[in-house]
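Okay, so here's the structure we're looking at.
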Amino acid sequence: MIGIGVDLVKITRVRRAINRRGDRFVSRILASGERQECPKDVALDEWVAGRFAVKEAGLKALGTGWAEGVAFGQVRVLQDGTLGFSGKAGERADSLGVVNSRVSLTIQGDLIAAVVILDR
1 MIGIGVDLVK ITRVRRAINR RGDRFVSRIL ASGERQECPK DVALDEWVAG RFAVKEAGLK
61 ALGTGWAEGV AFGQVRVLQD GTLGFSGKAG ERADSLGVVN SRVSLTIQGD LIAAVVILDR
């Protein structure tokens with residue numbers, strides 16, 4: 001195992017950020033093209049909160065957090081539930097030898113918890 005990351009996000013906090021900043025906030029969290037992947041039957045704030053939690057957990061698993069020029073847009077949640085890395089995050093993943101990622105996401109009331117495990 002290379003790293004493990006955990007994050008917990010309040011959906012209402014993301015909802016307030018979307019209400020205040022709109023697309024600027026959403027665009028900061030999502031990679032290019034990710035917004036179109038939001039299912040029609042899921043509220044945008046809940047979906048973005050889940051992406052936020054997974055990406056934050058992924059950055060923690062990389063051991064970078066927000067350091068070294070890494071940003072949310074460099075982490076993408078793929079259709080198969082794994083993570084894709086690009087930019088500085090991709091360079092870090094490559095240098096660590098990341099081959100596999102496992103993502104677990106759970107929702108309980110107003111909270112979304114994400115766990116990411118990165119493997120060789």
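Numbering (the UniProt record's numbering), first residue to last: 1 to 120. Idealized CB from N, CA, C, for every residue including glycine. Predicted, not measured: the structure shown is a model, and the values here were computed from it.
Asked	Found
When DSSP builds the beta bridges, which residues end up paired with Ser32?	BP columns for Ser32 are empty, so no partner.
From Ile18, Trp47, Phe85, pick the residue whose C-alpha is nearest to that of Arg114; which is it?	In the sequence under discussion, the amino acid at residue 114 is Ala, which differs from the Arg named in the question. Nearest C-alpha to Ala114: Trp47.
Between which two residues does the alpha helix (DSSP H) harbouring Thr12 extend?	11-21
Would you identify the three-state DSSP class for Gln108, choosing helix, strand or coil?	strand
When we look at the beta-carbon of Arg76 and count the other beta-carbons within 10 Å, is it buried (16 or more) or exposed?	buried
Would you kindly report the start and end of the unbroken alpha helix (DSSP H) that includes Ala120?	Checking the displayed sequence, the identity of residue 120 turns out to be Arg instead of Ala. Taken as a continuous stretch (DSSP letters only), Arg120 belongs to no alpha helix (DSSP H), as it is neither H nor E.
Say the cut is 7 Å; is the CB of Ala49 nearer than that to a heavy atom of the ligand ZN?	Among the ligands in the structure shown, none appear at all, so the ligand ZN cannot be discussed.
For Asp45, which of Gly84, Ala17, Asp80 has the nearest alpha-carbon?	Ala17
Considering Phe85, what are the terminal residues of the alpha helix (DSSP H) in which it resides?	It is not in any alpha helix (DSSP H) - Phe85 instead sits in the beta strand (DSSP E) that spans 83-85.
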